[in-house]
Structures are given as C-alpha cells and as structure tokens.
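Trainee: Each residue of the sequence shown is one higher than the one before, starting from 444 at the first, in the working numbering. C-beta atoms are modelled at their ideal positions from N, C-alpha and C, and glycine is treated no differently. Note that the structure is a prediction, hence the values are computed from the model and not measured.
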Amino acid sequence: MRPFLLVLSAPSGGGKSTIARKLLQARTDVGYSVSATTRRPRPGERDGTDYHFLTRAEFERRVEAGEFLEHATYGGHRYGTLRGEVESIFARGCHAVLDIEVEGARQIRAHLADAVLIFVLPPSAQVLAARLRTRETESEEEIRNRLDRAAAELAAAPEYDYTVVNDDLGLAVEQVAAIMDAEARRVSRQAEFHDYIDGIRHALVDPAIRHAG
Ligand code: ADP
Ligand code: 5GP
444 MRPFLLVLSA PSGGGKSTIA RKLLQARTDV GYSVSATTRR PRPGERDGTD YHFLTRAEFE
504 RRVEAGEFLE HATYGGHRYG TLRGEVESIF ARGCHAVLDI EVEGARQIRA HLADAVLIFV
564 LPPSAQVLAA RLRTRETESE EEIRNRLDRA AAELAAAPEY DYTVVNDDLG LAVEQVAAIM
624 DAEARRVSRQ AEFHDYIDGI RHALVDPAIR HAG
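Right, here's the structure in full:
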C-alpha cells in the first residue's frame with residue numbers, strides 16, 4: 444500500500460498537535476512531519492522534534508532552493524513543510540502527518556491530489572478560547588490575534604475531505620484513525636491490487652481448482 448499525506452488543520456488551540464501526538468503513540472504506521480518555522484521556541488519545545496527552528500534568512504534560502512512542499516506566513520512568522528521530512532517518512536513506509544494551517548493545506552491539495560485533509564473543529568468558541576488560554580503559551584494580544592484568524596480559518600473547513608469535532612480527545616483520535624484506515628483501503632492506493640485480482644482470476648479457471656472434489 445502506498446503511504447499518503449494526512450493533513451490536520453484546526454484553528455489555533457483546536458487540538459491538532461494533541462491529536463497528532465496521540466495518533467503517533469497509538470500507531471506504528473505514521474510519522475510526524477516536523478515543520479520548519481521562524482518563530483521562537485516555546486518553553487519545552489525542542490529543535491528537530493517540535494520544529495526545525497530557523498532564522499528568517501535561512502528559511503527564505505530554503506524556499507529559494509525549492510526545499511519546501513508548502514509554506515505560509517502565520518502571526519508574522521514563516522512556517523513550512525520540508526520535502527525531505529516527508530520523503531524520509533515515506534521511505535519508512537509510513538503515512539506522514541502534517542499539522543499545518545489552511546494556506547499550506549491548499550498548496551498541498553493543489554500539488555498532491557491524493558493527500559487526505561482533515562479539519563479539526565472545536566466543540567464551541569468558548570472551549571476554543573479557554574483551551575488557548577490554559578495552554579499558556581501566548582500573550583493575551585496574541586491569543587486575540589489567533590481567535591481573529593480562527594474565524595477566517597473555520598470558513599475554509601468545507602474545502603477539506605473530513606471534519607472531526609475535538610470534544611472528547613479519545614473519540615477524536617479514534618475518528619482520525621478510522622479515516623486513515625478507510626483511506627488506506629482505497630483501491631487507488633493498493634499497488635498490488637491488480638496482481639492480486641489477476642491471481643485469483645487465473646486460479647478460478649485452473650482445472651485443479653474447478654474439478655477438485
Ligand atoms: P493546536 O495544535 O490546534 O493549536 P493543541 O493541541 O496545542 O492545539 O491544544 C490546545 C490546548 O487544548 C492544549 O493545552 C491541549 O492539551 C488542550 N486540548 C486539546 N484537545 C483537548 C480535548 N479534547 N479536551 C481537553 N483539552 C484539550
Ligand atoms: P504554532 O505557532 O501554534 O505552533 O503554529 C501556528 C500555526 O502554524 C498552526 O496553525 C500550525 O498548524 C501552523 N503550522 C505549523 N507548521 C506548519 C507548516 O509547516 N506549514 C504551514 N503552512 N503551517 C504550519
């Protein structure tokens with residue numbers, strides 16, 4: 444089966460990073476695409492694990508060199524998916540999970556028709572704002588900017604293939620996993636499908652099978 448890109452988008456605080464983390468703990472067939480960014484690390488974030496933290500100049504150099512599958516600007520900072528990240532996940536035979544905003548998801552959709560796009564919805568505006576505040580990673584001003592952007596991002600949800608409401612975390616992770624399992628069964632992703640069918644069709648005309656018993 445050919446591995447695919449799984450894009451998770453949500454308004455900031457919607458829970459896409461948490462869902463991605465749980466998915467990685469639960470499954471051995473997925474890898475997390477570590478994005479590059481020019482924003483500064485939050486306390487506890489590690490370079491190479493949470494993000495590749497780059498200077499603006501280095502980020503733009505890599506854009507010019509064609510190293511990004513997609514890239515976008517969010518909150519005044521640059522973010523992007525490095526081709527090399529996805530290639531090394533695919534080389535391990537795993538699906539690549541991308542936690543990216545909507546502009547980047549549109550670029551993926553335009554270039555890679557078989558990517559699977561999931562939009563994670565918050566249960567309500569109140570819950571979204573509360574989760575962003577309890578995370579304690581942004582200033583009040585930045586939280587308000589992210590809530591403004593959330594309204595615009597929600598308008599893009601109908602462009603995605605699936606939506607999952609992140610109310611109960613366990614259920615949301617199960618739903619994302621169910622989508623992955625169904626997508627993996629798509630005929631178009633089964634490289635061995637035609638040989639398999641041919642094998643059975645040939646066997647069906649084999650006299651040893653037709654006349655046994
Ligand atoms: P995003 O990556 O979309 O910005 P996060 O994954 O960082 O969002 O989640 C925002 C905050 O909400 C985090 O503190 C996280 O622990 C919490 N959170 C995420 N999903 C749930 C959930 N289903 N129930 C309760 N808290 C959640
Ligand atoms: P944060 O600063 O909260 O980690 O991320 C801000 C936003 O940037 C989130 O919506 C996150 O999904 C998005 N983001 C993270 N990495 C990438 C990326 O590689 N490309 C794009 N387009 N967006 C990203």
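Are the Cβ atoms of I551 and L451 separated by less than 8 Å?
Mentor: Cβ distance not < 8 Å, so I551 and L451 don't count as in contact.
Trainee: Nearer than 7 Å: is that true of the beta carbon of R482 relative to any heavy atom of the ligand 5GP?
Mentor: True, at least one ligand heavy atom lies under 7 Å from that Cβ.
Trainee: Roughly how many angstroms separate the alpha carbons of V607 and P566, rounded to a whole number?
Mentor: Near 10 Å, if we compare the C-alpha coordinates of P566 and V607.
Trainee: I'd like to know if the region 614-627 and the region 526-537 are in contact, where contact means that at least 3 CB-CB pairs between them fall below 8 Å.
Mentor: With the cut-off at 8 Å, the region 614-627 and the region 526-537 do not touch.
Trainee: Can you give me the C-alpha to C-alpha distance between T481 and R644, rounded to a whole angstrom?
Mentor: C-alpha separation (whole angstroms): 56 Å.
Trainee: Can you find the residues in the same chain that come closer than 8 Å, C-beta to C-beta, to R632, ignoring five residues on each side of it along the sequence?
Mentor: Taken in chain order, the residues that qualify are M444, R445, F447, D557 and E626.
Trainee: For the beta strand (DSSP E) containing D542, list its first residue and its last residue.
Mentor: Segment H538 to D542, the beta strand (DSSP E) holding D542.
Trainee: Quick one: residues with CB closer than 5 Å to any heavy atom of the ligand ADP, in chain order, please.
Mentor: Result (chain order): A453, S455, G456, G457, G458, K459, S460, T461, R574, R578, N609 and L612.
Trainee: For Y475 and V540, which I take to be in contact (beta-carbon distance under 8 Å), what is that distance rounded to the nearest angstrom?
Mentor: Y475 to V540, Cβ: 5 Å. Contact.
Trainee: Could you spell out the range, first to last residue, of the alpha helix (DSSP H) harbouring G547?
Mentor: Run containing G547: V545 to H554, per the alpha helix (DSSP H) assignment.
Trainee: Report whether the distance from the Cβ of I643 to the nearest heavy atom of the ligand 5GP is below 7 Å.
Mentor: No, since every heavy atom of the ligand 5GP falls outside the 7 Å radius drawn around the Cβ of I643.
Trainee: Between M623, T492, F636 and A600, which lies nearest to A469 when the distance is taken from Cα to Cα?
Mentor: With distances taken between Cα atoms, A469 lies closest to M623.
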